[in-house]
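Structure, as structure tokens:
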Amino acid sequence: MELTPDHAVRFATATLAHLGREYPYKMDLVLTGPEDAKPPREHHPIFHGSFDWHSCVHGWWQLLRLARRFPDLPIAAEIRARADAMLVPEKVMGERAFLDRPYSAAFERPYGWAWLLALHAETEAHDAPWAAALEPLAAAFAARFRAFLPKLTYPLRVGTHFNIAFALVLARHWAETRDPALVTLIDTNARDWFAQDRDCQAWEPGGDEFLSSALTEAHLMATVLADDFPGWFDAFLPRVAHQQPATLFTPANVSDRSDGKIAHLDGLNLSRAWSWRAIASALGPAHAVTPVAEAAAQRHLAAALPHVTGDYMGEHWLASFALLALDGLAD
119 MELTPDHAVR FATATLAHLG REYPYKMDLV LTGPEDAKPP REHHPIFHGS
169 FDWHSCVHGW WQLLRLARRF PDLPIAAEIR ARADAMLVPE KVMGERAFLD
219 RPYSAAFERP YGWAWLLALH AETEAHDAPW AAALEPLAAA FAARFRAFLP
269 KLTYPLRVGT HFNIAFALVL ARHWAETRDP ALVTLIDTNA RDWFAQDRDC
319 QAWEPGGDEF LSSALTEAHL MATVLADDFP GWFDAFLPRV AHQQPATLFT
369 PANVSDRSDG KIAHLDGLNL SRAWSWRAIA SALGPAHAVT PVAEAAAQRH
419 LAAALPHVTG DYMGEHWLAS FALLALDGLA D
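Counted the way this note's numbering counts, the sequence shown spans residues 119 to 449.
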């Protein structure tokens, strides 16, 4: 399965509908006094829709990428007009000011940080002023990564927003052409945390996970190790050519898509598809695992794509992960 104009229209139509939908909204906010109890748009002039801050950020990433991939679709003009109105310096400064609040050091760490960098990278691919407007926010989150990673003694392996490998895949993609010091820091940490991992048992998924702790780790190491990746991967998942551990090859069952946490499992299927495809690409066509990985990606895509829209608890974010699974991150 590959990204098509039909996918683009379906995803973008749903995302445009929720990008400015202010309620319901889950704030990431420590109240320091009664004056902090105000509507989300007053805290977040841009990212006040899509149920939460990070979903709004990657909703924008998704829309701009679709507009670039399919510039002649009528919906692309609407996307660009919305971006012209929202991705402007004065609104970015409002978002940037939120980071200076007390108790904000861990705001959206690390998932939202990484998605903001991905959004900034996407805006730079457009002939528009959006990237320049977002630059102060991107610089602030890159600085937060540089401050945080040296003190993160142990990796965060969980399959939710705190997963460090997923965040660093996105952050490293941004940093490759913009922040060599951050690339070095990411690569050093990844090697320290993961280089000696062997025979991963892949005890997953958890009941509310949208990331595979095993596959996101491998995905990151594919970018960090380059030509050394196949040797590391063969030791990390030594039986994967025989589809073991079986948990990595079985799409998750989603019992209730109206439950926001259980609906995460649709995202797990999509993020696994993205990681399996990235792993296959890094291993190359001659590796025994490559056709197995590609087939696993297709199974996970088939399980999840019909459910990207339909219930707001998934609809406010799943299209971004569907776009990753179908089109990847690279330009």
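Where is the CB? At the ideal position from N, CA and C, for every residue including glycine.
For residue i, the nearest candidate out of the options (CA to CA)
i, options, result
"F165", "H337, V206, T131", "V206"
"A215", "L333, H125, H161, A132", "H161"
"P273", "W292, T241, A283, A246", "A283"
"H382", "G325, Q362, A261", "G325"
"P228", "R262, H238, W435", "R262"
"L134", "I380, E196, A411", "E196"
"L423", "M211, H360, A411, F439", "F439"
"L343", "N307, D202, V410", "N307"
"F280", "S222, G230, V407", "G230"
"P158", "E140, P152, C174, T150", "E140"
"Y221", "T271, D202, G151, K269", "G151"
Endpoints, alpha helix (DSSP H) assigned at residue i
i, result
"C174", "171-187"
"Q416", "408-422"
"M204", "192-204"
"D352", "347-354"
"F263", "248-266"
"R290", "282-293"
"I397", "382-401"
"W311", "298-312"
"T341", "331-343"
Anticipated Cβ contact below 8 angstroms, residue i with residue j, distance rounded
i, j, result
"F129", "V426", "7 angstroms"
"S331", "V276", "7 angstroms"
"A126", "R200", "Incorrect: roughly 15 angstroms between the Cβ atoms, too far for contact."
"T334", "S393", "6 angstroms"
"W233", "H172", "6 angstroms"
"A443", "L419", "6 angstroms"
"L451", "A320", "What the structure shows of the chain is the stretch from 119 to 449, and residue 451 is not part of that stretch, so it cannot be assessed."
Alpha carbon of residue i to alpha carbon of residue j, nearest angstrom
i, j, result
"S399", "W350", "15 angstroms"
"M431", "W179", "19 angstroms"
"L121", "G446", "10 angstroms"
"L237", "L329", "20 angstroms"
"L191", "A251", "25 angstroms"
"S168", "D345", "39 angstroms"
"A260", "K209", "19 angstroms"
"W449", "P163", "For the record, residue 449 in the displayed sequence is Asp; it is not Trp. Approximately 28 angstroms, taken between the alpha carbons."
Residues bridged to residue i (per DSSP)
i, result
"K78", "Because the chain spans 119 through 449 in this model, residue 78 falls outside it and cannot be assessed."
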